[in-house]
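Novice: Questions regarding the structure given below will be posed in turn.
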Amino acid sequence: MRYFLYIFFAISTSIVFFACRKDKADYTPTPYQLNIPSHFPDMIIPADNPMTVEGVELGRFLFYEKQLSGDNSMNCASCHMPQQSFSDVNQYSVGIDGVFGNRQSMALINLGWENYFFWDGRKTTLESQIIEPVLNPIEMHQSWKDAIHKLNADVTYRNRFFKAFGEEGVDSIKAAKAIAQFIRTMISSESKYDVMYKFENNLSLTSSEQALLSTIDLDEWAGYDLFKSLNGADCFHCHNGPLMRVKKFSNNGLDATFSDLGRGGVTQNPEEYGKFKVTTLRNIAFTAPYMHDGRFASLDQVIEHYSSGIHMSPTIDPLIEYANQGGVQLDAQEKYLLKKFLLTLSDYNFINNPSFKDPN
């Protein structure tokens with residue numbers, strides 16, 4: 620009798636096991652419907668990383684997962700803080716070994732429209748950029764093999780990876796793809812500036828945007844005009860449109876000689892020495908300190924740099940038209956108006972969006 624019970628149990632267990640495996644093998648992730656703002660260009664999603672509801676959810680957990688660091692003390696949000704528009708309040712971020720980097724952590728805003736990543740553009744996909752901080756000895760300082768070993772030991776993560784990609788297996792490529800999916804959802808488009816941009820381009824406004832339009836004062840409009848004026852602040856060459864940046868690398872006159880070659884250090888092209896990625900001005904009020912090396916602690920210092928602190932060098936951006944006189948020479952009232960406009964780029968819905976917060 621005991622023998623027959625054993626056989627019955629073995630057969631029953633096998634049926635349940637294979638039935639479960641069949642269910643898992645047939646799982647299909649749910650396509651994610653990305654909400655692109657009406658005044659934004661289309662976002663190109665990589666064919667090998669289609670967005671799914673489960674992938675975005677996994678990416679969100681991984682973004683806040685400290686097991687990706689060697690001593691389980693650091694996650695992506697350690698250097699990309701939500702309240703700072705996913706940037707760092709420190710001039711240089713500190714890794715798990717107490718070692719400082721030499722560049723300011725970049726804000727994670729609207730990265731789904733970018734083609735180059737890091738200040739020097741050394742990575743050309745969001746997925747490849749995400750791989751690097753885990754490996755970097757002055758950041759999270761851990762092999763992906765060890766990171767994946769930790770994640771694979773957690774049945775919850777194994778299930779999340781399975782649901783995100785419709786197949787078994789946890790690896791660094793899938794982890795990077797999931798984090799990239801999450802970051803592509805991090806779209807900032809609900810500032811006063813968005814309303815100003817849509818209004819001046821005769822684009823339709825929602826009722827809430829109409830209400831916000833009525834709160835924009837004359838100084839903010841005057842600052843916007845100054846921002847765009849060739850004879851004013853002359854910012855529009857590098858920062859314009861709904862994304863508030865152009866896709867280029869620029870030497871913006873920070874130094875006459877370079878301790879950091881920037882883009883030139885990647886390409887080894889002397890004509891690109893001292894050039895760095897032009898970043899968005901969105902949420903600039905939240906992302907201090909500023910520039911690739913975090914040298915400016917305040918917006919006032921940034922404005923003063925472009926007004927009177929430009930340094931000439933062989934690779935200076937030719938679109939900085941008043942570089943030879945040190946800058947655009949704004950007076951006190953113009954500086955005030957320009958700052959008023961820059962503050963209209965603040966998107967409080969973005970930094971407070973619960974979908975971007977730690978899910979734990």
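Numbering-wise, the sequence shown is residues 620 to 979 according to our numbering. We treat Cβ as the ideally placed atom computed from N, Cα and C, and that holds for glycine. Note that the coordinates shown come from a computational prediction; the quantities given were computed from them, not determined experimentally.
Excluding sequence positions up to five away, which residues of its chain have a Cβ less than 8 Å from the Cβ of L745?
Specialist: The residue labelled residue 745 in the question sits at position 126 within the sequence shown. Here the set comprises L730, G731, E733, F736, A799, I802 and R803.
Novice: Between the Cα of D661 and the Cα atoms of N979, G893, G689 and L862, which residue gives the shortest distance?
Specialist: Stepping through the sequence shown from its first residue, residue 661 is reached at position 42. Ranking the options by Cα distance to D661, first place goes to L862.
Novice: For S807, does the count of other Cβ atoms within 10 angstroms reach 16, so buried, or fall short, so exposed?
Specialist: Sequence index remark: in the sequence shown, residue 807 carries index 188 (1-based). So S807 ends up on the buried side.
Novice: Using the three-state DSSP reduction, which class does I634 fall into: helix, strand or coil?
Specialist: Within the sequence shown, numbered from 1, the residue matching residue 634 stands at position 15. Per-residue confidence for I634 stands at a pLDDT of 49, beneath the threshold of 50, marking its modelled position as unreliable; no derived number is given.
Novice: What residue range does the alpha helix (DSSP H) around V675 cover?
Specialist: Within the sequence shown, numbered from 1, the residue matching residue 675 stands at position 56. Unbroken alpha helix (DSSP H) run through V675: V672 to F682.
Novice: Figure out for me which residue from Q944, V921 and D919 has the closest Cα to the Cα of M931.
Specialist: Mapped onto the sequence shown, residue 931 falls at position 312. That would be Q944, whose Cα lies nearest to the Cα of M931.
Novice: Just to confirm the assignment: which complete beta strand (DSSP E) runs, minimum length 3, are found wholly within the stretch 818-903?
Specialist: The qualifying runs do not exist here; there are none.
Novice: My output table needs one value for K796: the three-state DSSP class, helix, strand or coil.
Specialist: For the purposes of this step, residue 796 is taken as residue 177 along the sequence shown, with counting starting at 1. Three-state DSSP puts K796 in a helix.
Novice: Less than 8 Å between the CB atoms is what I'm expecting for W738 and M759, so what's the real figure, rounded?
Specialist: The residue labelled residue 738 in the question sits at position 119 within the sequence shown. The residue labelled residue 759 in the question sits at position 140 within the sequence shown. That belief does not hold up - the Cβ atoms of W738 and M759 are roughly 18 Å apart, past 8 Å.
Novice: How long is the line joining the alpha carbons of I757 and I715, rounded to whole angstroms?
Specialist: Reading the sequence shown from its first residue, position 138 is the one you call residue 757. Reading the sequence shown from its first residue, position 96 is the one you call residue 715. Their Cα atoms are separated by approximately 7 Å.
Novice: Relative to the alpha-carbon of Y892, which residue among G881, Q829 and A951 has its alpha-carbon at the smallest distance?
Specialist: Your numbering for residue 892 matches position 273 in the sequence shown. It is G881.
Novice: From A942 to Y967, what distance separates their C-alpha atoms?
Specialist: Residue 942 sits at position 323 when you count from the first residue of the sequence shown. Residue 967 sits at position 348 when you count from the first residue of the sequence shown. Taking the straight line from one Cα to the other gives about 34 Å.
Novice: Contact defined as beta carbons within less than 8 Å: I believe I750 pairs with A795. What is the distance between those atoms, to the nearest angstrom?
Specialist: In the sequence shown, residue 750 corresponds to position 131, counting from 1. In the sequence shown, residue 795 corresponds to position 176, counting from 1. About 5 Å; that satisfies the 8 Å criterion.
Novice: Hey, out of K847, G851, S747 and L873, whose CA is closest to N859's CA?
Specialist: Start at 1 with the first residue of the sequence shown, and residue 859 comes out as number 240. For N859, the nearest C-alpha among the options comes from K847.
Novice: Straight-line CA distance for L962 to L949?
Specialist: What you label residue 962 is simply residue 343 of the sequence shown in a count that begins at 1. What you label residue 949 is simply residue 330 of the sequence shown in a count that begins at 1. The alpha-carbon atoms of L962 and L949 are separated by roughly 18 Å.
Novice: Which residues in the same chain as D690 place their Cβ atom closer than 6 Å to its Cβ, once the five residues preceding and following it in sequence are excluded?
Specialist: The count along the sequence shown starts at 1 and reaches residue 690 at position 71. Hits under 6 Å: I715.
Novice: Span of the alpha helix (DSSP H) holding Y925?
Specialist: Locating residue 925 in the sequence shown gives position 306, where the first residue counts as 1. Y925 -> alpha helix (DSSP H) spans L918 to S927.
Novice: Around the C-beta of S827, are 16 or more other C-beta atoms found within 10 angstroms, so that it is buried, or is it exposed?
Specialist: The residue labelled residue 827 in the question sits at position 208 within the sequence shown. The residue is exposed, with fewer than 16 neighbouring Cβ atoms inside 10 Å.
Novice: Can you tell which of Y651, I903, L964 and M693 has its C-alpha closest to the C-alpha of E839?
Specialist: As a position in the sequence shown, residue 839 is number 220, starting the count at 1. Taking only the C-alpha atoms, the option nearest E839 is L964.
Novice: What is the C-beta distance between L824 and L832, in whole angstroms, given that I count them as a contact (C-beta under 8 Å)?
Specialist: Position 205 of the sequence shown holds residue 824. Position 213 of the sequence shown holds residue 832. So it is a contact: roughly 6 Å between Cβ atoms.
Novice: Could you check what DSSP says for M1003 in three-state terms: helix, strand or coil?
Specialist: With the chain running from 620 to 979 in the structure shown, residue 1003 is simply not present.
Novice: When you compare each of S927, M693, G928 and G851 to V753 by their alpha carbons, which one comes out closest?
Specialist: Indexing the sequence shown from 1 puts residue 753 at position 134. Of the candidates S927, M693, G928 and G851, the one whose C-alpha sits nearest the C-alpha of V753 is M693.
Novice: Just the Cα atoms here: how many angstroms apart are F818 and Q710?
Specialist: If you number the sequence shown from 1, residue 818 lands on position 199. If you number the sequence shown from 1, residue 710 lands on position 91. So the two alpha carbons sit approximately 36 Å from each other.
Novice: Helix, strand or coil, according to DSSP, for Y941 in the structure here?
Specialist: On the sequence shown, position 322 is the one that residue 941 refers to. Note: Y941 maps to coil in three-state DSSP.
Novice: Rounded to the nearest angstrom, what separates T906 and A916 at their Cα positions?
Specialist: Counting from 1 along the sequence shown, the entry for residue 906 is found at position 287. Counting from 1 along the sequence shown, the entry for residue 916 is found at position 297. So the two alpha carbons sit approximately 10 Å from each other.
Novice: Would you mind working out which of V774, K959 and F680 sits nearest D601, comparing C-alpha positions?
Specialist: This structure cannot settle anything about residue 601, because the visible part of the chain is limited to 620 through 979.
Novice: On the CB-based measure, 16 or more other CB atoms within 10 Å of its CB, does G717 come out buried or exposed?
Specialist: In the sequence shown, residue 717 corresponds to position 98, counting from 1. Flag for G717 reads exposed.
Novice: Looking at I922: is its Cβ nearer than 8 Å to the Cβ of N871?
Specialist: Locating residue 922 in the sequence shown gives position 303, where the first residue counts as 1. Locating residue 871 in the sequence shown gives position 252, where the first residue counts as 1. No, the Cβ-Cβ distance between I922 and N871 is not below 8 Å.
Novice: With H, G and I counted as helix, E and B as strand and the rest as coil, what does DSSP make of V708?
Specialist: Against the sequence shown, residue 708 aligns to sequence position 89. Correct three-state label for V708: coil.
Novice: Within its chain, find whatever has a CB closer than 7 Å to the CB of I935; leave out the 5 residues flanking it on each side and keep chain order.
Specialist: Against the sequence shown, residue 935 aligns to sequence position 316. Excluding residues within five positions, the ones whose Cβ falls inside 7 Å are N870, G872 and A942.
Novice: If I measure Cβ to Cβ from G883 and keep anything under 6 Å in the same chain, skipping five residues before and after, which residues do I get?
Specialist: Stepping through the sequence shown from its first residue, residue 883 is reached at position 264. Cβ within range, chain order: E891 and Y892.
Novice: Quick check on D912: does DSSP put it in helix, strand or coil?
Specialist: Counting from one through the sequence shown, the residue named residue 912 turns up at place 293. Three-state DSSP puts D912 in coil, outside helix and strand.
Novice: Determine the DSSP secondary structure at V814, reduced to helix, strand or coil.
Specialist: As a working note, residue 814 is residue 195 in the sequence shown. Residue state, collapsed to three classes: helix.
Novice: Rank A875, H924, C857 and P889 by C-alpha distance to the C-alpha of R901 and give the top, closest one.
Specialist: As a position in the sequence shown, residue 901 is number 282, starting the count at 1. Per the Cα distances, C857.
Novice: Under the three-state reduction of DSSP, which class applies to K742: helix, strand or coil?
Specialist: In the sequence shown, the residue the question calls residue 742 occupies position 123. In the structure shown, K742 sits in a strand (DSSP, three-state: E or B).
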